[in-house]
Structure formats: structure tokens, C-alpha cells
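Below is one structure, written out as C-alpha cells; the observations come after it.
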Amino acid sequence: MLQFNKMSWQEGAMLRWLLIFLSCSFVCSRKGEDPEIHMNATQIIERWGYKPLAYDAVTEDGYILTLIRILPNANKWKPKRPVIFLQHGLESSCVDWINNLPGQSAGFYFSDAGFDVWMGNFRGNTYGRRHRTLKPENNEFWRFTWDEMAKYDLPALINKTLEISKADKLYYVGHSQGTLTAFAKFSTDQQLAEKVRAFFALAPVVTVKYIKGPSRLLAPLVKNIQKFKEFCGQGQFLPKGTVLSILVETFCPYMVARDLCSDLVFLLAGQELHQINTFCNVEMVLSGLCQMYDFGSEEENKKHYNGEATPPIYDISKMNVPTVLFWSANDILATPEDVERIWHLVFRGAFSKVILAESKETPGYLVAIKCIQKKLLKGKEESMQNEINVLSRLRHPNIVRLIETLEDKANYYLVMDLCGPIPADVESRSLNETLGGEEELQIFLAPRKHPLVQMGGNRALTRIRCHI
């Protein structure tokens, strides 16, 4: 059995909540009318006894973004709080992080755990509708893509957070589009990347080549359909006053229409209702690449990209930030196939994998065993110790349980509970292999087309695939 020193409470709280995220949805089910429907972010924070502070982060191209800070309850104040920055996904806002009850919302949970919580907003959402010279009523206001969010919004938000908090670095948690912009920016701006202690990517997106559902079928058509813009609003998705928005606002608050509204979101996003990546990223669906916006002609592209006829491709392999990936096998937008591509682009030199195993002592009892090669773990021993110490102390139905830890000359073995049911495509075969001479490690292995988990070498702390 391995013995390690205690890790810091900050890191323990961090990992605990991120593991809880695996079984939490970003969409809150409501019965009747919730008073928070008519509240903004600061009012929701105040409702639960926390103190909100709002700041303006001004981008280089003139957008004024609201940055929200959550100060803890007076009885939970702790000095020298590590900074954590939460960035929402497509067509969302900072409210995503405080939508549920305090014990179920990332913003509140991190605050209670001792973090200095900051929540950013991208241009165009409810908290990003201001500009130094433009107004939302002007079409020019909406002439942006996620390229501009990566290029201008993230540095403005992160630098403002560090300036006010007086911290040197922060933890970055992104969801969906909040991961796409981070991958793009951290791979092209080393100075900003150095300010990030670790990057936690929820439903990570870099490419959408394997996107499924209606978005895949409609992508070739939408690009040239002007009527779609008129229906959904110029530059916005679900803006106030459009046909779709009126229908949603009129019928969705009522119980009788709740299933219908759920089906509408399901049609766009699939089984995991945590992102609605629709037609804004049609270019990426068609190309299968993580590239800058295509202006439609070689001539226009040359004007914007220093003479290049085609949009530049983001080389995310240049990113050098410790990264953790979380995704679901049933996500039709951040699909496992596309996430697998992130693995090959970002993580170099696998030092670990997780295998599915069945106990010989208890037939039918399946566990996941994380096998970590010692020789490739050099320089990351502390991360290994931290993970074991956190998992060994946590007992919660939403957290993957560490059952036992063993080692031999070549590897560490972390025996853990499985995260969700095993998909039908798992084919078992007996290896009857004894690992390290430990009798209790004599197991049956069940290899898969894709490992349940793989760890990156010099940059990845871990990655987790949860079958929900």
C-alpha cells in the first residue's frame, strides 16, 4: 500500500468538485416558476447569502464584458484564497455556474471550499452587450466569431481577474465553447498560458468533425440560407423577440410543456443537455478542422490573414498547460471521437491508462484500474500523491471511489469504482495476468476500442470518460 503526505485542502476541494461534475447536469429542472427566472447573476448570488462584485473587462477591440466575483459568506471566509476562473459555453453566461442550489452549483461550491471565484462572460450574451462605440442594435456589433472571443475576450477577462485579485496565476474551468477558446488562446499566447495553473475542460471542443444529430445533417445547408438568420436573429441564437424565443418564453415555464421544451433542446444537443452548439460553427462541422473563420473567398481571407488564402489552423499541440478533460460517451456535440483527436493533438507521451477489470474473488464485480508507469511519471509525483490523497478521503455517491492502491517495480495501480454502466461494445477476454506478484491483483481484463481513461505525458494530469 502506498503512503503519501497530505495534499493541500485547496487542491482536494478542486478535484472533489470536478469529479462531482461528472454526474451533474448544467440544466436545472424547475417545477413551477422559480423566482430566479427574473434575477440577474448578482441577485442570484445575493439570494443565497454571498456577496457579488461586478467588474468591467474591456477588450482590445472595445467590448465591455461583465466579470462577476463571488465573495464567501462571512462565516466561511478564509485568507489567501486560490483564484479559480469559470468560463461558460456556447449561448450561455456566468449564470450557468450558479443555477442550482449552493451545494450543487460550481460557483458557490468553490467559494465554500475556499476559492476566490470569478466568472467570465463572452461578448454577445446578456452580460456582454456593451461596447465603447457600438450598440447591439447595430449589425457591426455582431460581426465576431469565437476567434475574437479567444483573441480578445479571454485575455481581457483573465488579466482583469489577476489584476484585481493580485494573484499570479489561476485555475481555469471551461465548458464547451469555453474550452474551444481556451485551447486556441493558450496554444497561441504563451504569456497568457503561463498564468494558468491548470485547465479543466468540461465537454471539450476543438474539432466537431464527428458531430452527430440534426446539426450534422443541416450544416451543409445552413451556410447559405439567409432565412435562417432572419428566423434566429442576426448574430444571435434565441434572441429576444424572435419566433423561437417567443415560443420558448411563452410555453416552457409551464409543467405541461416541459417535456416538449426538453425535446426541443434534445433535438439540438442530444442526450446530454449541457450545450447547444448549433449553426454558429458550421464551418468547423464542414471542414473538421480547428481553424479561424473563413471569410468566403481567397481575396477576403488574404485581407484578414496576412496574405493567406485559407484560414490559419490552430496548432493546439503547442499548448503547454496542465490539462484535464471531462466528457460523456453520449454527447453528440463533443463526441468521444472528437475528444480522442484532442488527446492526440495535446497530450504527448502517455504515462498511464485505465483498464476495465473483473475481480477473481467476486465474479461479476467490475472495477476500473488506473495503471501508471513509474518511469514516465518523473516530475509528476506530486500530482499523483495529490490525486490519491483526495480520492482516498472522499465518500460521496457522485464521486468515483478509490478502493485500493498497490504497486510493483514498474507501475502504480489505483483500483477504482466504475463511472456508470459499461457500453455494449466491450468485449471481454481473460488474460489471467498477475500484476507485480500481488495475488489480489490477479484479474480478468476487458480491453476496449478506446480505453476508459488515458493520461497524457508531459502536460496532462488526467482525463476522464464517464459513461452516463
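If you count by mature numbering (1 follows the signal peptide of the UniProt record, and there is no 0), then the sequence shown holds residues -29 to -1, 1 to 439, one letter each, in order. We treat Cβ as the ideally placed atom computed from N, Cα and C, and that holds for glycine. It should be emphasised that the depicted structure is a prediction, and the values quoted were computed from it without experimental measurement.
{"Item": "Residue closest to residue 92, alpha-carbon to alpha-carbon, out of 168, 29, 81", "Value": "29"}
{"Item": "Coil, strand or helix - residue 248 by DSSP", "Value": "Low per-residue confidence applies at residue 248: pLDDT is 34, beneath 50, and the placement is therefore not dependable, though the value from the model is reported in the following sentence. Three-state DSSP puts residue 248 in coil, outside helix and strand."}
{"Item": "DSSP three-state assignment for residue 139, whether helix, strand or coil", "Value": "coil"}
{"Item": "Three-state class that DSSP yields for residue 102 in the structure shown", "Value": "strand"}
{"Item": "Proximity of residue 24 and residue 42 at Cβ, strictly below 8 Å", "Value": "yes"}
{"Item": "Residues bridged to residue 129 (per DSSP)", "Value": "Paired residues: none, contrary to the question."}
{"Item": "Residue interval of the alpha helix (DSSP H) (run including residue 40)", "Value": "Residue 40 -> not in any alpha helix (DSSP H); beta strand (DSSP E) instead, spanning 34 to 42."}
{"Item": "Rounded straight-line distance, which links the Cα of residue 133 to that of residue 355", "Value": "28 Å"}
{"Item": "The ligand ATP heavy atom lying under 7 Å from the CB of residue 135", "Value": "Absence of the ligand ATP is noted for the structure shown, with no ligands found whatsoever."}
{"Item": "Per DSSP, cross-strand counterpart(s) of residue 172", "Value": "145, 296"}
{"Item": "Residue 361 - DSSP class collapsed to helix/strand/coil", "Value": "helix"}
{"Item": "Buried or exposed (CB count within 10 angstroms, at least 16 for buried), residue 288", "Value": "exposed"}
{"Item": "Residue 328 classed as buried or exposed, judged by whether at least 16 other C-beta atoms fall within 10 angstroms", "Value": "buried"}
{"Item": "As assigned by DSSP and simplified to three states, the class of residue 164", "Value": "helix"}
{"Item": "Where residue 284 falls, given that 16 or more other Cβ within 10 Å makes a residue buried", "Value": "exposed"}
{"Item": "C-alpha gap between residue 364 and residue 376, whole angstroms", "Value": "13 Å"}
{"Item": "Assigned secondary structure, residue 305 (DSSP; H/G/I helix, E/B strand, else coil)", "Value": "coil"}
{"Item": "Cα-Cα separation, residue 103 to residue 31", "Value": "11 Å"}
{"Item": "Exposure of residue 27, with buried meaning 16 or more beta-carbon neighbours within 10 Å", "Value": "exposed"}
{"Item": "Proximal residues to residue 169 (C-beta, below 6 Å), its chain only, five neighbours per side dropped", "Value": "142, 293"}
{"Item": "Where the alpha helix (DSSP H) through residue 273 begins and ends", "Value": "269 to 275"}
{"Item": "Beta carbon of residue 64 nearer than 8 Å to that of residue 110", "Value": "no"}
{"Item": "Bridge partners - residue 284, DSSP secondary structure assignment", "Value": "262"}
{"Item": "Rounded C-alpha distance that separates residue 282 from residue 119", "Value": "14 Å"}
{"Item": "DSSP-derived helix/strand/coil call for residue 329", "Value": "strand"}
{"Item": "Boundaries (first-last residue) of the alpha helix (DSSP H) holding residue 79", "Value": "77 to 83"}
{"Item": "Residue 146, buried or exposed, once every other Cβ within 10 Å from all chains shown has been counted against 16", "Value": "buried"}
{"Item": "Member of 275, 340, 371, 68 whose CA lies at the smallest distance from the CA of residue 382", "Value": "340"}
{"Item": "Boundaries of the beta strand (DSSP E) in which residue 69 is found, first to last residue", "Value": "No beta strand (DSSP E) contains residue 69, which DSSP labels as neither H nor E."}
{"Item": "CA-to-CA distance, residue 135 to residue 128, given in whole angstroms", "Value": "11 Å"}
{"Item": "Residues near residue 44 by beta carbon distance below 7 Å, same chain, minus five either side", "Value": "20, 21"}
{"Item": "Candidates 76, 154, 122, 171: closest to residue 16 by CA position", "Value": "76"}
{"Item": "DSSP three-state assignment for residue 8, whether helix, strand or coil", "Value": "helix"}
{"Item": "Spatial neighbours of residue 160 in its chain, beta-carbon cut-off 8 Å, leaving aside the 5 residues before and after", "Value": "126"}
{"Item": "Rounded straight-line distance, which links the Cα of residue 317 to that of residue 290", "Value": "7 Å"}
{"Item": "Contact belief for residue 309 with residue 178 at Cβ below 8 Å, rounded distance in angstroms", "Value": "5 Å"}
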